[in-house]
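Numbering-wise (the UniProt record's numbering), the sequence shown opens with residue 1 and increments by one.
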Amino acid sequence: MNLQTLDFSNNKFLGDFPEFINRFQALKELDLSTNMLSGQIPQSLATLNLEKLNLSHNNFTGMLPDFGERKFGQETFEGNNPGLCGLPLNSCSGRSQLSPGAIAGIVIGLMTGVVVLASLFIGYMQNRKKSSGGDSEEELEAGEEDESSAGVGGVTGESKLILFLGGEHLTLEDVLNATGQVMEKTNYGTVYKAKLADGGNIALRLVREGSCKDRTSCLPVIRQLGKVRHENLVPLRAFYQGKRGEKLLIYDYFPNRSLHDFLHESRAGKPVLNWARQHKIALGIAKGLAHLHTVSRDSDNTWESVAEEIVAIAKTEGYKAPELQSMKKCNTRTDVYAFGILLLEILIGKKPGKNGRGHDAGDLPSIVKAAVLEETTMEVFDIEVLKGIWSPMDDGLVQALKLAMGCCAPVASVRPSMDEVVKQLEETKEQISSV
């Protein structure tokens with residue numbers, strides 16, 4: 001067949017990559033963007049002499065085909081599963097290696113891998129009380145093309161499943177019949193690895209009781225959260241609210257462990273995280289946070305008042321900004337402080353926490369301040385970070401340390417914004433050997 005252009009973009013196509021496309025040997029332009037396709041992109045696609053290709057905003061994963069000399073950019077594949085790898089994206093290094101993009105996505109909400117929503121819900125409910133009105137549930141559902149809802153047992157309102165882009169294949173039966181294995185328990189809820197009947201896996205986060213007291217206050221915020229898409233954020237695929245008030249956030253399942261494990265756990269076969277790789281991770285996290293903060297600035301008033309709470313990592317011990325001792329509400333500046341602690345954690349190889357918890361933990365800003373006073377700053381860096389670099393000054397380590405300390409400034413108003421953090425990390429990137 002002599003078909004040269006094929007455009008299936010902006011539909012709701014589900015399933016694997018359509019194999020029949022490989023029959024069109026004369027094809028020059030292919031656009032499958034903004035669908036719900038998943039699985040691997042077949043290597044046979046590289047046999048076509050494509051001049052234009054757009055596979056963005058689907059849920060493809062696995063290794064990209066080798067397109068040879070055809071220079072398709074990252075925008076061709078953006079908005080897919082963080083597990084998608086290969087040029088022009090992150091390299092695929094096997095199971096023993098961890099993609100920086102995947103780490104950044106997993107840990108973006110909380111540096112130990114937890115997405116904290118309690119403050120978001122509190123902020124939203126406070127805003128509702130102040131507001132003179134708002135959209136009804138029916139009005140919010142109107143025009144939402146990437147979500148749907150259903151009742152259990154024919155009783156509307158008892159249980160609800162809201163689906164977002166990439167989660168349309170899920171059903172209430174899938175969620176309710178999934179077999180779960182506890183992955184993590186925190187103050188903010190429990191995370192389960194859930195196995196579906198078809199053999200696939202999803203991650204379920206049971207939201208802590210009391211975080212969201214009623215459906216009316218939850219749903220608008222959840223809908224906004226479900227729309228957030230960024231290469232360094234794990235997208236929300238669905239939200240379930242049961243008749244007893246239980247709430248589940250549903251995400252893609254990632255077998256990789258948390259960044260905390262890769263920084264501090266000693267085990268055979270653990271990926272080597274040198275400075276270039278860890279800088280890439282930190283930059284990815286910073287970009288994700290900056291994107292969420294941008295959403296809070298640019299969206300409507302209801303969302304603006306609470307979006308800054310999405311990544312409220314600051315209530316975790318060790319990442320907590322000083323002002324949270326006297327105030328309850330987190331904000332963008334407390335996020336910046338927590339990011340600064342994470343960057344220090346990367347640079348000096350110690351866990352954040354109170355002094356006296358052992359040689360591998362401590363008040364990280366105080367450790368750096370003491371080293372500066374004692375003129376031993378160069379000795380504060382973790383040995384793993386120093387491997388393979390020319391010098392801490394020439395490879396941007398000292399600049400990154402200064403940035404981290406700026407993020408951890410005791411006075412919130414003098415901390416940089418996440419946009420400024422991203423800019424400085426991008427500048428530092430140019431100095432790093434083998435980045």
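Each residue gets a CB set at the ideal place from its N, CA and C atoms; glycine is no exception. Predicted model only: the values in this text are computed from it and were never measured.
Problem - C-alpha gap between Gln25 and Val422, whole angstroms - result: If you number the sequence shown from 1, residue 25 lands on position 25. If you number the sequence shown from 1, residue 422 lands on position 422. For Gln25 and Val422, the distance between alpha carbons rounds to 43 Å.
Problem - Distance between Val234 and Pro42 (C-alpha atoms, nearest Å) - result: Counting from one through the sequence shown, the residue named residue 42 turns up at place 42. Counting from one through the sequence shown, the residue named residue 234 turns up at place 234. Linking Pro42 to Val234 through their CA atoms gives a straight-line distance of about 24 Å.
Exercise for the section: Report the option in Leu30, Gln424, Asn22 and Val372 whose CA atom is closest to the CA atom of Ser9. Expected result: Locating residue 9 in the sequence shown gives position 9, where the first residue counts as 1. Considering only alpha carbons, the answer is Leu30.
Practice task
For Asp335, name the three-state secondary structure that DSSP assigns.
Solution key: Taking the sequence shown and counting its residues from 1, the one referred to as residue 335 is at position 335. If DSSP states are grouped into helix, strand and coil, Asp335 belongs with the helices.
Practice task
Compare the Cα-Cα distances from Ile21 to each of Gln40, Leu48, Met36 and Thr34 and report the closest residue.
Solution key: One-based indexing of the sequence shown puts residue 21 at position 21. For Ile21, the nearest C-alpha among the options comes from Leu48.
Problem - DSSP state of Pro65 mapped onto helix, strand, coil - result: Along the sequence shown, read from residue 1 onward, the residue named residue 65 stands at position 65. Coil, per DSSP.
Problem - Sufficient close CB pairs (3 or more, under 8 Å) joining the segment 70 to 81 to the segment 189 to 205 - result: No: the two stretches stay apart, fewer than three of their Cβ pairs being nearer than 8 Å.
Handout entry: Gly406, enclosing alpha helix (DSSP H) - first and last residue
Key = What you label residue 406 is simply residue 406 of the sequence shown in a count that begins at 1. For Gly406, the enclosing alpha helix (DSSP H) covers residues Leu397 to Cys407.
Problem - DSSP state of Asn22 mapped onto helix, strand, coil - result: Working through the sequence shown from its first residue, we reach residue 22 at position 22. If DSSP states are grouped into helix, strand and coil, Asn22 belongs with the helices.
Handout entry: Which listed residue (Lys402, Asp363 and Glu384) has its alpha carbon closest to that of Thr377
Key = For the purposes of this step, residue 377 is identified with residue 377 of the sequence shown, where counting begins at 1. Considering only alpha carbons, the answer is Lys402.
Practice task
Given a cut-off of 7 Å, decide if Trp275 and Val398 are closer than it, judged by their beta-carbon atoms.
Solution key: To locate residue 398, count along the sequence shown from 1; it is residue 398. To locate residue 275, count along the sequence shown from 1; it is residue 275. With contacts defined by Cβ atoms closer than 7 Å, Val398 and Trp275 do not form a contacting pair.
Handout entry: Val228 (DSSP reduced to helix, strand or coil)
Key = Indexing the sequence shown from 1 puts residue 228 at position 228. Residue state, collapsed to three classes: coil.
Practice task
Have a look at the DSSP bridge pairing and note the partners of Pro352.
Solution key: The count along the sequence shown starts at 1 and reaches residue 352 at position 352. Gly362, per the DSSP bridge assignment.
Exercise for the section: With Gln4 as the anchor, note down where its alpha helix (DSSP H) starts and where it stops. Expected result: For the purposes of this step, residue 4 is identified with residue 4 of the sequence shown, where counting begins at 1. No alpha helix (DSSP H) holds Gln4; DSSP gives it neither H nor E.
Exercise for the section: Would you list the one or two residues that DSSP bridges to Glu375? Expected result: Within the sequence shown, residue 375 is the residue found at index 375, counting from 1. Under the DSSP definition of a beta bridge, Glu375 lacks any partner.
Handout entry: Cβ neighbour criterion (16 or more within 10 Å) applied to Val368
Key = What you label residue 368 is simply residue 368 of the sequence shown in a count that begins at 1. It counts as buried.
Practice task
Please determine, among Glu51, His279 and Ser38, the residue with the shortest C-alpha to C-alpha distance to Glu19.
Solution key: Position 19 of the sequence shown, counted from the start, is the residue given in the question as residue 19. Considering only alpha carbons, the answer is Ser38.
Problem - Of the listed residues Ala46, Glu375, Glu374 and Pro392, nearest to Phe381 (C-alpha basis) - result: As a first step, residue 381 must be located in the sequence shown, where it is residue number 381. Measuring from the Cα of Phe381, the nearest candidate turns out to be Pro392.
Exercise for the section: Within the same chain, show all residues whose beta-carbon is closer than 8 Å to that of His57, passing over the 5 residues directly before and after it, in chain order. Expected result: In the sequence shown, the residue the question calls residue 57 occupies position 57. Result list for His57: Ser33, Thr34, Asn35, Glu78, Gly79, Asn80, Leu165 and Arg229, in chain order.
Exercise for the section: To the nearest angstrom, report how far apart Asn2 and Ser44 are at their CA atoms. Expected result: Here residue 2 corresponds to residue number 2 of the sequence shown, with the count starting at 1. Here residue 44 corresponds to residue number 44 of the sequence shown, with the count starting at 1. Spanning the alpha carbons of Asn2 and Ser44 requires a straight line of approximately 18 Å.
Handout entry: Alpha carbon of Cys408 to alpha carbon of Leu55, nearest angstrom
Key = Along the sequence shown, one-based indexing puts residue 408 at 408. Along the sequence shown, one-based indexing puts residue 55 at 55. Going from the Cα of Cys408 to the Cα of Leu55 covers about 40 Å.
Problem - Arg223 classed as buried or exposed, judged by whether at least 16 other C-beta atoms fall within 10 angstroms - result: One-based indexing of the sequence shown puts residue 223 at position 223. Classification for Arg223: buried.
Practice task
Output yes or no for whether 7 Å exceeds the beta carbon distance between Val336 and Arg415.
Solution key: Locating residue 336 in the sequence shown gives position 336, where the first residue counts as 1. Locating residue 415 in the sequence shown gives position 415, where the first residue counts as 1. Taking 7 Å as the Cβ cut-off, Val336 and Arg415 qualify as a contacting pair.
Exercise for the section: Just grab the DSSP bridge partners of Asp31 for me. Expected result: Residue 31 sits at position 31 when you count from the first residue of the sequence shown. Partner(s): Asp7 and Asn54.
Problem - Arg333 classed as buried or exposed, judged by whether at least 16 other C-beta atoms fall within 10 angstroms - result: In the sequence shown, counting from the first residue as 1, residue 333 sits at position 333. Buried, since its Cβ has 16 or more Cβ neighbours within 10 Å.
Exercise for the section: Can you grab the Cα-Cα spacing for the pair Ile432 / Ala400, in whole Å? Expected result: As a working note, residue 432 is residue 432 in the sequence shown. As a working note, residue 400 is residue 400 in the sequence shown. Cα-Cα distance, rounded: 11 Å.
Practice task
Could you tell me the distance, in whole angstroms, from the CA atom of His291 to the CA atom of Ile346?
Solution key: Position 291 of the sequence shown, counting from 1, holds the residue named residue 291. Position 346 of the sequence shown, counting from 1, holds the residue named residue 346. Going from the Cα of His291 to the Cα of Ile346 covers about 22 Å.
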